[in-house]
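Chain order of the listed sequences is F and C. Quick note: the first sequence uses the working numbering, first residue 1, plus one each step. Quick note: the second sequence uses the working numbering, first residue 1, plus one each step. Think of the CB as a built atom: it goes at the ideal place given N, C-alpha and C, for glycine as much as any other residue. All figures in this text were calculated on a predicted structure; none of them were measured in a lab. Written below as structure tokens is the structure these notes are about.
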Amino acid sequence: MFTKLLIANRGEIACRVIRACRELGVRAVAVYSEADRAALHVARADEAYCIGPAPPLESYLNIDKLIETAKQAGCEAVHPGYGFLAENAAFADACAEADLVFVGPSGDTLRLAGDKLGARRTMAAAGISIIPGMSAAAGDAEDVPAEAEKLGYPVIVKAAGGGGGKGMRIVRDEGELAECLEAARREALGAFGDDTVYLEKYLERPRHVEFQILADGHGNVVHLFERECSIQRRHQKIVEESPSPALDAKLRKKMGEAAIAVARAVGYTNAGTIEFLLDEDKNFYFLEVNARVQVEHPVTEIVTGVDIVKTQLALAAGEKLPFAQKDLSQRGHAVECRIYAEDPAADFLPSAGKILFLREPRGPGVRLDGGIYAGYDVPVHYDPILAKLITWGSSREEARRRMAEALREYVIIGIGTTIPFLLDVIGHPAYVAGETNTGFIADYFDGWREEVPEGLMEKALAAAAVAEMAAGPAKVHVDADGAAAPTPWQTVGPWEVGRGA
Amino acid sequence: MAMEYEFQSGDGKYAVTVEKSGNGFRVTVDGRAMEVDLVAAEPGCYSFVADGEATDVVVVRDGSRRYVALEGYSLTLEEGGGEGQGAAAAAEDVVAGIQTIRAPMPGKVVKIAAAEGDVVEKGRTVVVVEAMKMEHRLVAAGTGTVKKITCQEGQNVDADQPLAEVEVEGG
């Protein structure tokens with residue numbers, strides 16, 4: 001195992017990797033931008049170095065600076081997390097050239113998997129079914145409308161180098177095509193440094209089912225079963241679970257085998273995810289390889305008992321997989337809700353600002369992977385994910401009810417979050433029934449507004465007023481000689497931000 | 001001695017009266033009375049019992065604003081019954097036929113999609129702002145004419161900063 005590792009990321013995933021390092025006795029080196037000095041991952045790490053200004057291109061995407069920092073700090077390996085440079089082949093190559101172990105697949109595999117177009121061609125050649133679409137980049141020329149026409153609207157514009165919903169646009173008719181292409185290119189360039197886009201047929205309402213795989217450098221590949229991630233907004237997952245309510249043992253086995261075949265086709269090593277779309281007739285299509293640790297990896301960790309991040313480090317250090325496929329099974333059910341700093345009632349507009357108060361949920365089967373604290377100022381420069389709440393239950397319904405209770409307990413004040421929205425999602429009859437697909441949010445939650453139950457406003461007003469009154473006399477009427485003993489009410493008072501506890 | 005408080009939340013205005021009553025308080029909200037007992041726990045957290053129903057409540061004061069969280073809901077109250085100015089201005093305001101397009105949050109103008117004098121249809125993109133790695137299309141609220149563009153591509157902008165004005169056709 002390594003003695004020192006640099007984490008080329010921030011936020012909750014950097015904190016997650018730091019935990020894995022601590023457990024393994026590996027020194028964790030954090031990096032941070034000038035906007036992130038106060039971020040939680042800096043405080044949690046063993047060493048921390050500033051790598052540049054707030055814009056990602058000048059810090060978390062600055063390959064030269066990251067390599068230089070890792071070498072100067074004496075690191076032997078680099079964990080890229082997810083997003084930023086996680087699937088960047090040039091970064092993996094630069095690490096290799098600098099004699100640093102990149103925790104992930106090789107640069108060549110990343111090039112193949114990361115180029116969604118190349119991956120489509122490879123999978124088609126390996127006999128794995130893919131979604132109908134272009135097998136080459138969409139040019140500037142007039143051939144794009146013809147291609148779209150051939151596939152039939154709606155089509156989806158995708159960034160060849162992308163992921164995480166960035167650089168993606170659904171096009172419903174030719175009139176929108178030019179603007180969508182341009183917007184997708186611009187977003188792709190900003191997010192991935194590459195503006196290559198292509199068209200795919202847009203499947204309406206499939207399920208999104210993905211398989212976690214682990215591959216060592218000795219030819220062994222296993223899968224850790226599936227995650228269902230159909231609940232998405234802006235093509236970005238917000239609720240995930242494992243197992244998928246849509247799979248039976250036979251389909252699970254078939255898809256697991258296909259996932260392993262995909263991993264072998266691209267020469268995959270380390271942890272990765274093979275994404276599929278599953279249609280209503282239970283046909284599955286290869287979507288893409290996510291060559292990194294996934295945001296939603298905890299649900300798999302909980303049902304399989306495998307620590308994916310620690311396994312990533314072990315595999316990167318050259319160790320063999322400590323288990324075979326037959327040793328793995330799913331136990332119970334896990335659900336994850338992503339807590340984002342955004343306003344679900346305003347088209348999920350990101351909401352930056354200071355967290356004035358934080359109360360995190362606890363209880364049986366509750367796990368929280370977070371990157372925030374009370375008093376933390378959420379910066380505007382980065383992805384607005386704050387934390388991930390995961391619950392486990394012996395059945396799906398138990399996990400779901402635990403999630404509802406944990407969400408009710410979770411209080412984040414000062415910025416808008418997805419918490420009230422998530423509560424309504426997991427309480428929706430279609431979710432309760434396991435009837436989920438990628439159209440779920442659009443079908444059931446268009447124009448969503450938080451509905452406050454009868455009588456709740458009155459309670460809130462009463463609490464605010466009594467807290468106010470209790471605060472009042474303590475400040476004004478304490479006797480100068482202190483003879484009058486303060487009543488409990490004189491010490492109550494509303495908690496004022498910035499006044500401290 | 002009864003104390004009176006006024007709060008505002010969204011469009012609603014509420015009058016609350018509080019007076020001591022036994023070990024707790026009698027609270028009247030818009031004419032409806034309840035017996036309330038409130039005990040402070042950790043900073044910001046209270047144990048709240050109203051007419052025998054117990055819950056825990058978080059009350060946080062931020063200037064004239066009170067955030068109250070209970071039973072999985074989070075409510076924002078503004079002190080006083082006057083016109084609340086605390087709530088952020090809407091991204092698009094149409095006043096006297098002029099729509100002022102404002103930045104929804106701090107970010108960067110990545111595209112100006114219309115020029116001064118352009119006639120635009122309702123829903124047509126005028127300015128694109130990138131913030132938190134997402135693009136936000138700011139669109140015309142109605143069919144009309146672009147009167148003014150007050151930002152430049154590549155410019156960093158603050159929340160609520162005016163970016164453009166569109167004269168929206170009447171009717």
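By the 9 Å beta-carbon criterion, what residues does the stretch 117-139 of chain C contribute toward chain F?
From the stretch 117-139 of chain C, only 125, 128, 130, 131, 132, 133, 134, 135, 136, 137 have a Cβ closer than 9 Å to chain F.
So what does DSSP say about residue 16(F), is it helix, strand or coil?
DSSP places residue 16(F) in helix when its eight states are reduced to three.
Quick one: Cα of residue 431(F) to Cα of residue 333(F), how far?
14 Å
Run down chain C in chain order and give the residues with a C-beta less than 7 Å from the C-beta of residue 183(F).
135
Kindly indicate which three-state DSSP category residue 297(F) falls into: helix, strand or coil?
helix
Kindly indicate which residue of 146(C), 158(C), 45(C), 152(C) has the alpha-carbon position closest to the one of residue 168(C).
146(C)
What runs of the beta strand (DSSP E), each 3 residues or longer, lie entirely inside the stretch 5-79 of chain F?
Within the stretch 5-79 of chain F, the beta strand (DSSP E) runs of at least 3 residues that lie entirely inside it are, in chain order, 27-33, 47-52, 77-79.
Quick check on residue 247(F): does DSSP put it in helix, strand or coil?
coil
Completely contained beta strand (DSSP E) runs for the stretch 298-324 of chain F, where each covers 3 or more residues:
Runs of the beta strand (DSSP E) lying entirely within the stretch 298-324 of chain F and spanning at least 3 residues: none are present.
Contacts around residue 2(C), its chain only, beta-carbon distance under 8 Å, and the 5 residues preceding and following it disregarded
The beta carbon of residue 2(C) sits closer than 8 Å to those of 17, 18, 19, all from its chain and outside the five residues before and after it, given in chain order.
Figure out for me which residue from 463(F), 464(F), 424(F), 453(F) has the closest Cα to the Cα of residue 446(F).
Ranking 463(F), 464(F), 424(F), 453(F) by CA distance to the CA of residue 446(F) puts 424(F) first.
Taking buried to mean at least 16 other C-beta atoms within 10 Å of its own C-beta, is residue 248(F) buried or exposed?
Exposed, by the Cβ-count rule.
Are the CB atoms of residue 166(C) and residue 131(C) within a distance shorter than 8 Å?
no
How long is the line joining the alpha carbons of residue 72(C) and residue 321(F), rounded to whole angstroms?
Cα-Cα distance, rounded: 43 Å.
Is the CB of residue 59(C) under 8 Å away from at least one CB in chain F?
yes
Do residue 89(F) and residue 111(F) have their CB atoms nearer than 8 Å?
yes
Could you please give the first and the last residue of the uninterrupted alpha helix (DSSP H) stretch that includes residue 37(C)?
First-last for residue 37(C): 32-40, but that is the beta strand (DSSP E), not the alpha helix (DSSP H).
Alpha carbon to alpha carbon, what distance is there between residue 357(F) and residue 374(F)?
Cα-Cα distance, rounded: 5 Å.
First and last residue of the beta strand (DSSP E) that includes residue 369(F)?
366-370
Residue-chain proximity (residue 36(C), chain F), Cβ-Cβ < 8 Å
yes
Compute the distance between the beta-carbons of residue 27(C) and residue 37(C), then report whether it is under 8 Å.
no
Could you list which residues in chain C have their beta carbon closer than 7 Å to that of residue 413(F), in chain order?
58, 60, 67, 69, 74
If you draw a straight line from the C-alpha of residue 86(C) to the C-alpha of residue 105(F), how long is it?
Its pLDDT being 35, under 50, residue 86(C) is placed unreliably by the model, and nothing is read from it.
Short check: CB of residue 295(F) to CB of residue 335(F), under 8 Å?
no
Below 8 Å between beta carbons: does that hold for residue 39(F) and residue 10(F)?
yes
For residue 450(F), report the span of its alpha helix (DSSP H) as first-last.
No alpha helix (DSSP H) contains residue 450(F), which DSSP labels as neither H nor E.
Let me know the secondary structure DSSP gives residue 89(F) once reduced to three states.
helix
Distance between residue 200(F) and residue 251(F) (C-alpha atoms, nearest Å)
25 Å
Kindly list the residues whose CB is nearer than 6 Å to the CB of residue 402(F), restricted to its own chain and excluding five residues on each side of it in sequence; keep chain order.
Sequence-distant Cβ neighbours of residue 402(F) in its own chain, meaning closer than 6 Å and more than five residues away, are 365, 391, 393.
Unbroken alpha helix (DSSP H) run spanning residue 229(F), endpoints
Per DSSP, residue 229(F) belongs to no alpha helix (DSSP H); it is in the beta strand (DSSP E), 221-233.
Can you grab the Cα-Cα spacing for the pair residue 264(F) / residue 117(F), in whole Å?
18 Å
For residue 139(C), which of helix, strand or coil comes out of DSSP?
strand
Can you tell me whether DSSP reads residue 111(F) as helix, strand or coil?
The three-state secondary structure of residue 111(F), taken from DSSP, is helix.
Would you report the Cα separation of residue 79(C) and residue 280(F), rounded to the nearest angstrom?
52 Å
Within 10 Å of its beta-carbon, does residue 145(F) have 16 or more other beta-carbons around it, so buried, or fewer, so exposed?
exposed
By the three-class DSSP mapping on this structure, what secondary structure does residue 20(C) have?
strand
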